[in-house]
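Top to bottom, those sequences are chains A and B. Counting in full-length UniProt numbering, the first sequence runs from 1 upward without gaps. Counting in full-length UniProt numbering, the second sequence runs from 1 upward without gaps. Virtual Cβ for every residue (Gly too), placed ideally from N, Cα, C. Notes to accompany the following structure.
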Amino acid sequence: MSLPAARQAELVPQRKPKNQFWLSSIGFVAPGVLLVAVVLYLPFLWTTYISFTEYNGLGDPEFIGIENFRDMFADPAFLNSVLNTLYWVIGTIALPVGLGLLIAVLSHGLPNATLFRLPFLIPYALSGVAVGVIWSFVLQTNGALSQALVFLHLPGSELRWLLDAPLNTFVMIGASTWQGAGVNALLFGIGLQSIPKEPLEAARVDGASGFTLFRTMTWPMLAPLTTVVVGLSIVGSLKTFDIIWGMTKGGPGRVSETLALTMYKETFINNAYGLGAAVALFLTVVTVLASILYLRRQLADSRSI
Amino acid sequence: MLARKIVLAVLGLLWLVPVYLLLANASKLPAEFGTYGLWEPGNLGALFTNMADAWDRGRLSQGIVSTAVYAIVSPIIAVIIGAAAGFAIVALRLRNGFFWFVVIFASTIFPLQMILMPLFVGYAQTGLFNTRVGMILVYTVIATPFSAFVMRNFFTGIAHQVFEAAVMDGASTWRIFWRIYLPMSTSALIAIFILQATFIWNDLLLGLTLTQSSEIRPVITALSALQSTYGGSAMSTVLAGGLLVSLPTVILFLATQRAFTRGLSLGQF
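Set out below in structure tokens:
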């Protein structure tokens, strides 16, 4: 049976008409693409190449294969820096994200919620260096914190907060929590507002309340936003630089370095550009892998629900 | 309800303790610092003296004009470039638009560390090292991907009929972009601007790597230097300096918090 000609023409996939705006569409996207290509992607490729060379910034880079990477993994300071970076990732997921969620849930729906959230937002607008200035003052040996502990008859006043590893990394994660919890609370607050009211009401009528209500209803519905917040936290924590630079500069010695600091020091202080590039490449691979693994797991999870 | 309020209030007060310590100790003259306890408040006169000291001798004054220029000019350019990309992809239906979007946005995943050394070498060779133009350029590029991300999402929310109607009326794409799409997206534009201006004002790493002289150097980098040189002897001056350079972003952020939240929640999620 043959269809009428008109009907048939409808079924044949039409060739896409040429976009009459193709020229201007290229014109509008070009500045962004060009800038990113020249200032981000080109340097990115250059760093990748340099990581396989011996280079001190002067003269020509000399190709040495994977020697930088071999040196890197043989260096105990580098391995310690990897461990510290791991502390930062775990600590950042647990503390600023967890506290941010807590603050958002507690303040959600309260009259004057903005006022209650205000103290947490002030530190977010500070720079990492300013946070470092404040906290290195608070955490000096026998500084404000130690004095407060003595006054309250609590143990711990004898600790040398910023001098002993890994304690110094842990207290810096604390300082970073002080800075970062507010913005997570803000993001979770936006998420809570967008949750439909009806299912929550229905669950409440059925007798769910408090933590049960949160665990069975609110938390699952917040999942897409939690994915975003945790993802941002992982990527952000892998790159941590400012707070550490403001508090210990990676010291004493090199005990509180993270990968971001190791890269900076190797490149700009030791002039070992090749080795610095190798650390940068390693950090990038870890960041990209972590993002991909995390997102894939999250997407798989949300499919199974 | 009451229990929630109490927990929040206690946590909030705890959060304000470091702010109190900052204020209390930034307002003690370095010479009298030892006579006070660390938890005692100082006095307002000393706060201003310390700020003036950090401003002058600490050389924060020299970088502040440059930093203001970076934090205002770069986000404005970036917001327009990002919006233009979003406009090309959403309104003009750029071929393979999603691919180009990913090209622009994916660059944010890589750590900044990956581009520092080439930028340092490249800037030194092209004469951009330690110049305001060089800093504006790098900050603009850093701010562009996020701006493209938000603006693309925002434009997706504008009905395509708006564009078609404007074309019917004979408007050029250039005119449609500037006269219709940009004015319709002020809330998103402002949210991006605030976020990126804060980021640029607070940047340390690029300032540390790409500048040298105190007129070009961003204030945060200058603060970090102040901390290293004054740290032991004049802690209160350093604290006053930290307070001083933080005021603009804290005020901007708190004053615009609502507009900012609205712009972002409209844009994504």
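Relative to the alpha-carbon of residue i, which residue among the options has its alpha-carbon at the smallest distance?
i	options	result
R160/A	S146/A, G231/A, H153/A	S146/A
L238/A	A130/A, F282/A, T267/A	F282/A
T177/A	G100/A, L106/A, I66/A, K265/A	G100/A
T47/A	P61/A, Q140/A, V36/A, L35/A	P61/A
L192/A	I244/A, L110/A, I134/A, Q140/A	L110/A
G241/B	W15/B, I64/B, R4/B	I64/B
S61/B	I216/B, V133/B, A26/B	I216/B
A255/B	F28/A, L121/A, L261/A	L121/A
V133/A	V250/B, M117/B, T237/B, R258/B	T237/B
I194/B	Q227/B, Y123/B, A68/B	A68/B
Q161/B	I115/B, F105/B, L92/B	L92/B
V121/B	L293/A, I50/A, W22/A, S233/A	I50/A
G182/A	T140/B, L208/B, F253/B, V141/B	F253/B
L293/A	T226/A, G231/A, E266/A	G231/A
T169/A	I90/A, T226/A, N184/A	I90/A
V29/A	L119/B, V133/B, T186/B, R152/B	R152/B
F73/A	T284/A, V285/A, V279/A, L295/A	V279/A
L83/A	M247/A, V255/A, V171/A	V255/A
A165/B	G207/B, I176/B, I115/B, G157/B	I176/B
L23/A	A222/B, W100/B, A88/B, L205/B	A88/B
L106/A	I220/B, L223/B, A3/B	A3/B
Quick check on DSSP: helix, strand or coil for residue i?
i	result
E40/B	coil
T53/A	strand
I6/B	helix
L186/A	helix
F146/B	helix
E164/B	helix
F120/B	helix
F241/A	coil
E266/A	helix
F21/A	coil
E158/A	coil
I122/A	coil
N142/A	coil
Q212/B	coil
N153/B	helix
M221/A	helix
S81/A	helix
L95/A	helix
R93/B	coil
K197/A	helix
A148/A	helix
So with Cβ pairs under 8 angstroms, would you call residue i a contact of chain B?
i	result
V255/A	no
Q298/A	no
L35/A	yes
L154/A	no
S53/A	Just to set this straight, residue 53/A is Thr in the shown sequence, not Ser. Cβ-Cβ to chain B under 8 angstroms: no for T53/A.
residue 307/A	Given that chain A is displayed from residue 1 to residue 305, the structure contains no residue 307/A and the question cannot be resolved.
K197/A	no
I50/A	yes
W161/A	no
P43/A	yes
W219/A	no
G98/A	no
G143/A	yes
M72/A	no
G59/A	no
M1/A	Low per-residue confidence applies at M1/A: pLDDT is 46, beneath 50, and the placement is therefore not dependable, though the value from the model is reported in the following sentence. Taking Cβ atoms only, chain B never reaches closer than 8 angstroms to M1/A, which makes this a no.
Assuming residue i and residue j form a contact by the criterion Cβ under 8 angstroms, report the distance between their Cβ atoms to the nearest whole angstrom.
i	j	result
N68/A	G274/A	5 angstroms
Y41/A	S107/B	7 angstroms
A54/B	L182/B	Not a contact, Cβ separation roughly 40 angstroms.
V235/A	T287/A	6 angstroms
A130/A	V245/B	7 angstroms
I136/B	V73/B	5 angstroms
Would residue i count as contacting chain A if we go by Cβ distances under 8 angstroms?
i	result
S224/B	yes
L128/B	no
T249/B	yes
P30/B	no
N25/B	yes
Q257/B	yes
V10/B	no
M117/B	yes
G42/B	no
Q161/B	no
What residues from chain E crowd round residue i, counting only those whose CB sits closer than 9 angstroms?
i	result
N202/B	No chain E is present in this structure, whose protein chains are A and B.
Taking the DSSP output, what are the residues bridged to residue i?
i	result
E62/A	E54/A
If you measure from the CB of residue i, is any heavy atom of the ligand HEM nearer than 7 angstroms?
i	result
G182/A	The ligand HEM is absent from the structure shown, which contains no ligand whatsoever.
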